[in-house]
Amino acid sequence: MLAPVLFALFVAQGQGDMAVSASTTLEQRPAAARLSPLQPRVDAAAPGSVIDVAAGTYTGDLYIDRPVRLVGHGRPLLVGSGSGSVVLVRAADVVVEGFDIDGRAGGDLGRDSSGIHIAAPRAIIRDCRVRNSIFGIYLREANGSRVERCRIDGIPGKSPGEKGSGLHVWNTDGFELLHNEIVDVRDGIYIQSSPHGVVRGNVARDLRYGLHYMYSDDNTFEDNVFENGAAGTTLMYSRRITFRHNQFIHNRGFASVGLLFKNCDDIVAESNLIADNARGIFLEGSSRNVFRGNLIAASDIAIVLYDSTSDTRFTGNSFVGNLTPLSLSGRRTDTIFADNYWSGNESPDLDGDGRSDQPYRLSSLFDHLRGNLTAADLVSRSLAASAVAAAEQALPVLDPIPVVDASPRSHPPVLDVPTEWRNAEVRRAPIGLLASAALTLVGALPFAAGRRRRVVLSGAHA
Amino acid sequence: MAGESVRTLILCARQEMLLAARSRWTQLFAVVFAGLSLAVASSGYILSGGSGLQDFARTAASLVQLVLLLVPLTSLVMGVLALTPERGGAEILYAQPIARPILLLGTLIGLFEALVAAEALGFGVAGLVIFARTGSDGLAGFAMVAAGSAVLTAVFLAIAALVSVGQHGRKRVRALAIALVTWFALALLFDVAVLAAASLLRSGHASRLLISSVLVNPIDAVRTASLLAIEGTGAFGAGSLALLRFTGGPGGAALLIALSLSLWIVVPTWTAMRRLARMDIA
Amino acid sequence: MIEYRAAVKRFGVQTAVDAITVSIGRGEAVALLGPNGSGKTTTLKMAAGLIRPDAGDVLVGEPAFRPWEPSARRVLSYLPQRVAFPEALTGREIVEFYRRLRGIPAERSQAVLKFASLNGAGERAVGTYSGGMVQRLGLAVAMLPEADLLLLDEPTAALDPDGLRAFYALVEQRQAAGRTIFFTSHQVGDVERLADRFLVLANGRLVAELSQAALRDCLAARGTMRVRLDRDTPGLLEAIRRIAPSASRVGDEIVIAGAASLRPQVLDLVRSSGAQIRGLVAEDGRLEALYRELVARGAEHTE
Chain A
13 MLAPVLFALF VAQGQGDMAV SASTTLEQRP AAARLSPLQP RVDAAAPGSV IDVAAGTYTG
73 DLYIDRPVRL VGHGRPLLVG SGSGSVVLVR AADVVVEGFD IDGRAGGDLG RDSSGIHIAA
133 PRAIIRDCRV RNSIFGIYLR EANGSRVERC RIDGIPGKSP GEKGSGLHVW NTDGFELLHN
193 EIVDVRDGIY IQSSPHGVVR GNVARDLRYG LHYMYSDDNT FEDNVFENGA AGTTLMYSRR
253 ITFRHNQFIH NRGFASVGLL FKNCDDIVAE SNLIADNARG IFLEGSSRNV FRGNLIAASD
313 IAIVLYDSTS DTRFTGNSFV GNLTPLSLSG RRTDTIFADN YWSGNESPDL DGDGRSDQPY
373 RLSSLFDHLR GNLTAADLVS RSLAASAVAA AEQALPVLDP IPVVDASPRS HPPVLDVPTE
433 WRNAEVRRAP IGLLASAALT LVGALPFAAG RRRRVVLSGA HA
Chain B
3 MAGESVRTLI LCARQEMLLA ARSRWTQLFA VVFAGLSLAV ASSGYILSGG SGLQDFARTA
63 ASLVQLVLLL VPLTSLVMGV LALTPERGGA EILYAQPIAR PILLLGTLIG LFEALVAAEA
123 LGFGVAGLVI FARTGSDGLA GFAMVAAGSA VLTAVFLAIA ALVSVGQHGR KRVRALAIAL
183 VTWFALALLF DVAVLAAASL LRSGHASRLL ISSVLVNPID AVRTASLLAI EGTGAFGAGS
243 LALLRFTGGP GGAALLIALS LSLWIVVPTW TAMRRLARMD IA
Chain C
2 MIEYRAAVKR FGVQTAVDAI TVSIGRGEAV ALLGPNGSGK TTTLKMAAGL IRPDAGDVLV
62 GEPAFRPWEP SARRVLSYLP QRVAFPEALT GREIVEFYRR LRGIPAERSQ AVLKFASLNG
122 AGERAVGTYS GGMVQRLGLA VAMLPEADLL LLDEPTAALD PDGLRAFYAL VEQRQAAGRT
182 IFFTSHQVGD VERLADRFLV LANGRLVAEL SQAALRDCLA ARGTMRVRLD RDTPGLLEAI
242 RRIAPSASRV GDEIVIAGAA SLRPQVLDLV RSSGAQIRGL VAEDGRLEAL YRELVARGAE
302 HTE
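Protein chains in written order, with the numbering used here: chain A, 13 to 474; chain B, 3 to 284; chain C, 2 to 304.
Below is the structure:
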């Protein structure tokens, strides 16, 4: 029971928003002794040819320096030499598909040792599984490359700080990351200085950052799931990004955020599910961002807003079951809240226009206190906190500069947000059911016995 | 001698449990608690629009809030009603050749068993709903909430014993009033006062005050322990870490909370027993 | 069996029991008399271990122990003035509880329920009982143990006729068995006459200790006779006043207060006057009058 607490503690100490800079040295052709038995076939292949690989285990690294299509049949396993990347792509227009790749936990972070390391344009990596590798698949200056339907599992038992990213994209203009699944790495998807990309249908879970992102403009994120990150999702110093229909869920670490923007401008986030996070949305120094039609639910704090943020709009979102709707750092904000639904809003809609008749106050005295004093969180879920909030709603003088939703919806809107994929299936817990049944029985026993005894006694003495 | 005391304890406990099981108030509590637990367990699903969004932790956290609201008040009121007998009820009992503290303790145990049974009924019904559609991951957390509920019952029965001692006959109303004030103070006023004081202090002192108050107040202590167990440090965001730093880690926090709650059970019970042993049944 | 040694009990500024010293021996039946608020209940509760004296001492049993020690209470059984039992339990469940509490053989339960005329109501919840039935149930509980010492607070006040019958039987049976009975009363009815000895309490002080005979004499000496005659015979009242100076005419009655021994002479005078007696009522003195006298006398003694 204490394990998650310890884990969160550990992670909290080990993390930071440090930017991972790309290494300057590029891994070259490995020494002959370390090369894969497949290497002679690559070396012999004519550009544009197809190399078919049969099922089996091939130990050693593979260096691809010409435009070939490497196709695995029956999932051949490439086991690395243990000293660096397993597959190195050094020519344009390479396709690798249908392989299982084991990095043997070899190489090191500084050399970007990966399952598949691509440093050439227009590569396509498809249907590969990478495990035990520091980085999963690394795109370095690989303009126009695509990674699809791959699965990355990190090195088991290593601390997040010693692992690399699942999918790492650096200095790549135009890239596609489609329908990949990434588990147990440091950062699920890492994107730096890489514009014009599409990230769609990926799942990144049980890791530190689901998405770690900076200096990258004009990218699109659709239908991804970023789940159970100790830190969550962080974007910095970027512009013109679109988030549609993604899920940012179960990011429950101490400083975890569903979606964090720091110095990010002109972002549109639409129809996303941002649920069960320590903090739902975090905005610092960001401008002209729009959030509409999202479901932000079950967070400790739905929105953390720094007053360095400007010209941001929240409209038509649904805020459900959050401990606190808003934590404002600083004294005021020009952020516009309108037409959102807030589950904490109990103000009636008497004129029947679908909006409560009074604005909904997002800031509260209690939130102000907890902004200055973290320990105040400990009583945030007490009757007292509710009482303070109620008193404030009744006596507005207590909070002189309120942040309000001017026209809060009186009913939750129907949103086009994704449903959570993991809980979509009904799971049963037979032990839980059994224990509950036993509990019910034990609880009912004294009441049943209380009735019975009278009858038994009268019977005995009749 | 010790064996005889144990036998007497069991006898009193059984008698009280029988009585409590037949009491409309206990039955009402059992029904209300089961109903609300069921509502909480089901609404976890309903609130999410059937998307399963409210997973186990959220449902369990709502159960904790239900427990914190209902159990202390019920335990206090039921305790006072049972421990302030009508005129002539106390005399014939205390004139028996049995030490009064044993009679009191037996009664408390019986009440505890009956109330915990009512709570178990509620948890069982809620659990059937919860575990029919969430995995068994939450089992430990669920057990923790149930245990927290039992501990709160014991704490507030102990307080009820202290409040009720010697308040039989017409003084029952007075004891009830004191019990309600005590509940209000612990459930609400205490935290409000601490928050007010914290807002006036410098942050270091304020933090220490808040953290200690959460450990000292039994309702806060159970809430803190249950939610931390269910949700991990996410339960109170940064506050969780402040608490764990202050207590020297999860083990320290668990120890301090256990100590605080044990004292809340033992000290009022022991004081009530002592006072009852010495007082005149006039 | 009971010994009060200068026992004092104060409630706040009020002294409920003021230095009572009295000893009650094995086999005695003693009634504690006194007006309301004279300290009878407090005195009895001290013997039952429910109240501790502020000064002095109270001992029960042989060998003697202080009754607020739980084990000392094994010798006694106490019935408060008004009992109350949890309404949700049946009479039998209550009797069974007290039986087990004192480790008494199982067959006693049925016996005492029958004795208290509750054997038909034993399976009913106490909530359905009448006041008299509840009191009888209390009596049943009190007689569960064959205690050496029975302490009964105003036992007859709340008992119904069935209860009174049971109570008579109980006192007689226990007396015959050589048990000690100590009970309070604020009046003297038939039951109280069963007592061997009477203690009179006023304002927390023991003002008199009387044998049964002495008490009867006392009350008889303070009796009243009312004679209703068919006509008004001149000189009769004056003649009576020569024997009983306080005699007076009230309506068509002549009321003669005084010792019972005067009554035959008075009746002789009436007969010789030629008047017909239409009604005759003779009663003993009321306890209240005795209390007043005893209190007054006590005050004289202390002065």
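Virtual Cβ for every residue (Gly too), placed ideally from N, Cα, C.
Fair warning: this is a prediction, and the values are worked out from it, not measured in the lab.
Taken atom to atom, the span from the alpha-carbon of B/Q29 to that of A/A287 is near 38 Å. In the structure shown, C/M47 falls within a helical segment according to DSSP collapsed to helix, strand and coil. Annotation: the continuous beta strand (DSSP E) that includes A/W182 extends over 179-182.
Using a Cβ-Cβ cut-off of 9 Å, C/Q82 counts as an interface residue toward chain B, since at least one Cβ of chain B sits closer than that to its own. Excluding residues up to 5 positions away in sequence, R291, F294, S339 lie with their Cβ nearer than 6 Å to the Cβ of A/V316 in the same chain. C/A122 and C/G92 have their C-alpha atoms roughly 7 Å apart. Between the alpha carbons of A/I146 and A/V391 lies a distance of about 42 Å. The Cβ-Cβ distance between A/V98 and A/V80 does not fall below 9 Å. With a 10 Å radius around the Cβ and a threshold of 16 neighbouring Cβ atoms, C/S72 comes out exposed. By DSSP's assignment, A/H224 forms a beta bridge with A/Y202, A/T246. Comparing C-alpha distances from A/L247 to each of A/N214, A/D199, A/D165, A/S283 shows the shortest one belongs to A/D199. With distances taken between CA atoms, B/A156 lies nearest to B/V268 out of B/V268, B/A279, B/L38.
Of the residues assessed, B/W185 falls on the buried side of the cut-off, its CB having 16 or more other CB atoms within 10 angstroms. In the three-state reduction of the DSSP assignment, B/I180 falls in the helix class.
In the displayed model, C/K10 falls within a strand according to three-state DSSP. Cα atoms of C/M134 and C/D161: separation of roughly 8 Å, rounded to the nearest angstrom. Shown in chain order are the members of the region 127-157 of chain C whose Cβ falls below 7 Å from a Cβ of chain B: G139, V142. For C/Q136, there is no enclosing beta strand (DSSP E); the residue is found in the alpha helix (DSSP H) stretching over 132-143.
Taking 4 residues as the shortest admissible run, the region 153-237 of chain C contains the following complete alpha helix (DSSP H) segments, listed from N- to C-terminal end: 162-177, 213-221.
What B/M19 touches in chain A, judged by beta-carbon distance under 9 Å, is P458, A461, G462, going in chain order. Around the beta carbon of B/W27, fewer than 16 other beta carbons sit within 10 angstroms, so the residue counts as exposed. Straight-line spacing of the CA atoms in B/R247 and B/R210 works out to 11 Å. Burial check for A/V429: the Cβ neighbour count within 10 Å reaches 16 or more, so the residue is buried. The alpha carbon of A/L272 has as its nearest neighbour, out of A/H262, A/S368, A/Y225, A/V83, the alpha carbon of A/Y225.
Under DSSP, A/C276 forms a beta bridge with A/S250. Annotated as distal: C/V31 and C/V18, with beta-carbon spacing of 9 Å or more.
The beta carbon of B/I180 does not come within 9 Å of any beta carbon belonging to chain C, so the residue lies off that interface. With 16 or more other CB atoms across the displayed protein chains lying within 10 angstroms of its CB, B/H170 is buried.
Within 7 Å of the CB of C/F86, the CB atoms of chain B belong to G91, in sequence order along the chain. If you check the CB distance, B/E121 and C/Y79 do not come in under 9 Å. Put simply, the backbone Cα of B/S44 is about 7 Å away from that of B/V131.
The count of Cβ pairs closer than 8 Å, one atom from the region 173-192 of chain B and one from the region 247-256 of chain B, stays below three, leaving the stretches out of contact. Contact residues of the region 438-454 of chain A toward chain B are V438, R439, R440, A441, P442, I443, G444, L445, L446, A447, S448, A449, A450, L451, T452, L453, V454 (C-beta to C-beta distance below 9 Å). At least 9 Å separates the CB of B/T76 from every CB of chain C. In the DSSP assignment, no residue is bridged to B/F133. Chain C has a Cβ within less than 9 Å of the Cβ of B/P87.
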